[in-house]
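> For the sequence shown, the residue numbers in the numbering used here are 53 to 206.
Once you've had a glance at the structure underneath, I'll fire off some questions.
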Amino acid sequence: MRTPDTSNFCANCGVALNRGVSGDTTRVIPAVTEEPLAEDLSPDDLRAVEALPADSALLIVLRGPDTGARYLINADVTTAGRHPRCDIFLDDITVSRKHARFVRRDGYVWVSDENSLNGTYVNRALIDGEVALRRGDEVQIGKFRMVFYPGSVG
């Protein structure tokens with residue numbers, strides 16, 4: 053039996069036919085338009101951010117499990133993942149056991165992916181290597197979308 057040219061699957065065996073599709077793929081997180089802006093903090097969150105020491109930072113969960121949770125980054129290396137021994141324990145199947153690492157260096161907090169299955173995103177872009185975080189950056193680890201707030205300088 054011949055498979056029609058317009059078919060996406062083989063009529064005989066069911067294998068996917070990638071006609072006209074190159075080997076390159078891009079992973080994209082769809083935009084969600086109905087979400088609060090990073091600067092729309094609750095009074096409690098605003099007080100927590102204002103009280104941060106200059107050498108620390110805060111991640112506030114904007115969307116996903118544990119919305120509203122706050123995670124303090126106050127060590128030179130902070131790990132995030134589904135393993136209970138991670139500094140930031142994110143208990144969801146979309147998070148790898150050792151998913152990401154935050155490193156304080158040169159006055160910045162840098163985030164890198166630890167070869168996780170789903171990747172780590174900053175401002176909806178999949179990161180490769182280390183990325184320096186700035187105030188208001190969105191970090192996504194699995195279903196957790198968090199906003200980054202560094203301690204005030206001066």
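By construction, the Cβ of each residue, glycine as well, lies at the ideal position given by its N, Cα and C atoms.
If you're wondering where the values come from, they're calculated on a predicted model, not measured in any experiment.
Kindly indicate which three-state DSSP category Pro95 falls into: helix, strand or coil?
Helix, per DSSP.
> Which of helix, strand or coil does DSSP assign to Val129?
Reduced to three states, the DSSP call for Val129 is strand.
> Exposed or buried, what is Thr172 when buried is set at 16 or more other beta-carbons lying within 10 Å of its beta-carbon?
Answer is buried; the Cβ neighbour count reaches 16.
> So the beta strand (DSSP E) Val67 belongs to, where does it begin and stop?
No beta strand (DSSP E) contains Val67, which DSSP labels as neither H nor E.
> Taking the CB atoms as reference points, tell me whether Trp162 and Ala184 lie closer together than 7 Å.
A contact, by the Cβ cut-off of 7 Å.
> Compare the C-alpha of Gly116 against each of Ser204, Phe196, Phe200 and Gly203 and name the closest.
For Gly116, the nearest C-alpha among the options comes from Phe196.
> Among Asp107, Ala121 and Leu111, which residue has its Cα nearest to the Cα of Gly188?
Looking at the Cα atoms, Leu111 is the closest of the given residues.
> Can you list, in chain order, the residues of its chain whose CB lies under 7 Å from that of Cys62, leaving out five sequence neighbours each side?
For Cys62, where only same-chain residues beyond five positions count, the Cβ hits under 7 Å are Thr55 and Leu69.
> My assumption, with CB atoms under 8 Å, is that Val113 sits in contact with Met198. Please give the rounded CB distance.
Confirmed, Cβ separation roughly 5 Å.
> Reducing DSSP to helix, strand and coil, say where Val147 ends up.
Looking at Val147 - three-state DSSP - the assignment turns out to be coil, as it is neither helix nor strand.
> Is DSSP giving Glu190 helix, strand or coil here?
DSSP places Glu190 in strand when its eight states are reduced to three.
> Looking only at DSSP bridge pairs, what is Ala177 linked to?
Ala177 is bridged to Val174.
> On the CB-based measure, 16 or more other CB atoms within 10 Å of its CB, does Asp165 come out buried or exposed?
By the 10 Å Cβ count, Asp165 comes out buried.
> Does the distance from the C-beta atom of Asn170 to that of Thr146 stay below 7 Å?
Contact: yes.
> Tell me which residues share the same chain as Ser108 and place their Cβ nearer than 7 Å to its Cβ, disregarding the 5 neighbours each side in the sequence.
If we look at Ser108 and ignore the five residues flanking it on each side, its Cβ neighbours are Leu124, Ile125, Asn126 and Gly203.
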